[in-house]
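Here's the structure we're looking at; comments come further down.
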Amino acid sequence: MLFLVIALFAAGCASVSDRYEAADRIAAEVGFTKTFFKTDNFTLTAYTRFDRPLDDLNVYIEGDGSAWLSRTRLSDDPTPRRPLVLELAAMDPAPNVAYLARPGQYTAAKPGCHPDYWSDRRFSQEVVASVNQALDSLLRQARSDRVNLIGYSGGAAIAVLIAARRNDVATLRTVAGNLDTDAVNRHHGVSPLNGSLNPIDVAEKVKNLPQHHFAGSKDTVVPPFIIESFLKRAGDQDGRMFTIVDGVSHTRGWCERWKSLLAVPF
Numbered sequence: 012m013l014f015l016v017i018a019l020f021a022a023g024c025a026s027v028s029d030r031y032e033a034a035d036r037i038a039a040e041v042g043f044t045k046t047f048f049k050t051d052n053f054t055l056t057a058y059t060r061f062d063r064p065l066d067d068l069n070v071y072i073e074g075d076g077s078a079w080l081s082r083t084r085l086s087d088d089p090t091p092r093r094p095l096v097l098e099l100a101a102m103d104p105a106p107n108v109a110y111l112a113r114p115g116q117y118t119a120a121k122p123g124c125h126p127d128y129w130s131d132r133r134f135s136q137e138v139v140a141s142v143n144q145a146l147d148s149l150l151r152q153a154r155s156d157r158v159n160l161i162g163y164s165g166g167a168a169i170a171v172l173i174a175a176r177r178n179d180v181a182t183l184r185t186v187a188g189n190l191d192t193d194a195v196n197r198h199h200g201v202s203p204l205n206g207s208l209n210p211i212d213v214a215e216k217v218k219n220l221p222q223h224h225f226a227g228s229k230d231t232v233v234p235p236f237i238i239e240s241f242l243k244r245a246g247d248q249d250g251r252m253f254t255i256v257d258g259v260s261h262t263r264g265w266c267e268r269w270k271s272l273l274a275v276p277f
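Read in this note's numbering, the sequence shown has 147 at position 136, and its numbers run on one by one without any break.
Take a look at the structure:
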């Protein structure tokens, strides 16, 4: 499909504006509409398609994006170099689908968007509350009563933290999910996040929620053992809520498998 070609182009773009334009084209090809949600703390960007009022809404939450230029240098704009999560959302055949970016992504004007909010405080109370507020608006626009959350990488952390505080989440899926931020940082030999919430701390609160978690067998960014430790905390001792996808890394191979992974039962 054309949007996959555009995505490959976007991955190699140096210009942030090119990334914005590529995402707009991917969204337009599948009938998504671009929307901005002004929350109490941030303005968040979404791409949406609402075709069947009252049906569940599938919401894809973006990862950390291009937060760092190097191990020690923060990016000025955390918009993803490759719009992987938007690609996954564009492949979803559900009638009501939304993609939700994180603070500072795909948003030229960034009120309240200090770089802390895509580094140490990227899973802070302010960020989670802002995404939660945008989710309320999405549900109203879609005229939906229930939401299916899909989070990628750091977006998976946000999805879990949101699911723990809502009663209208029908299902939860995570992809390459950072579900224990302290463990991920220890694994990479970097300092713990300062001012962020950790999704593993709410694992027990979501243990009764229908959920499935996908990890790539070749993922060195968020290795599968991170998800396994979260699931043990959530009471899944037999791994029934967990799939390791062979040959997939943190960023590569998900699009090719996504339609079949969407069909995996809870």
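Note that beta-carbon positions come from the ideal geometry of N, C-alpha and C, so glycine has one too.
Listed in chain order, the non-local C-beta contacts of tryptophan 79 below 7 Å within the same chain comprise Leu85, Ser86, local neighbours out to five positions each way being set aside.
For asparagine 219, there is no enclosing beta strand (DSSP E), as DSSP gives it neither H nor E. Under the three-state reduction of DSSP, histidine 224 is assigned to strand. In this structure, aspartate 191 places its C-beta atom within 9 Å of the C-beta atom of isoleucine 237. Spatial neighbours of glycine 166 in its own chain (CB-CB distance under 6 Å, excluding positions within 5 residues in sequence) are listed in chain order as Ile72, Glu73, Gly74. Per DSSP, the continuous alpha helix (DSSP H) segment holding valine 171 begins and ends at 165-174. The residue from Thr182, His198, Thr185, Ala175 with its alpha-carbon nearest to that of aspartate 212 is Ala175. With a contact defined as Cβ atoms closer than 8 Å, histidine 223 and valine 275 qualify at about 6 Å.
The alpha-carbon of serine 135 is positioned some 31 Å away from that of aspartate 66.
Setting aside the 5 residues that flank it on each side, serine 155 is surrounded in the same chain by Leu65, Asp66, Asp67, Leu68, Asn107, each with a C-beta closer than 7 Å to its C-beta; the list follows chain order.
In chain order, Phe48 place their CB closer than 7 Å to the CB of serine 148, counting only its own chain and leaving out the 5 sequence neighbours on each side. The segment 129-144 and the segment 36-43 do not touch, with fewer than three beta-carbon pairs separated by less than 8 Å.
Between alanine 226 and the set Leu172, Leu97, Glu215, Ser240, the nearest pair of CA atoms involves Ser240. Counted as a single uninterrupted DSSP element, the alpha helix (DSSP H) harbouring leucine 146 occupies residues 136-153. A distance below 6 Å between beta-carbons, with the five flanking residues on each side excluded, links proline 203 to the following residues of its chain, in chain order: Asp193, Asn196. Assigned with DSSP and collapsed to three states, valine 275 falls in coil, not helix or strand. For valine 256 against tyrosine 163, the beta-carbon gap comes to about 13 Å, at or over 8 Å, which does not count as contact. Three or more Cβ pairs closer than 8 Å define a contact, and the segment 55-62 meets that threshold against the segment 100-118. Boundaries of the alpha helix (DSSP H) harbouring alanine 39: 27-40, taken from the DSSP string. Per the C-alpha coordinates, the member of Gly250, Arg133, Tyr31 positioned closest to asparagine 205 is Arg133. Under the DSSP assignment, asparagine 69 falls in the beta strand (DSSP E) whose first and last residues are 68-72.
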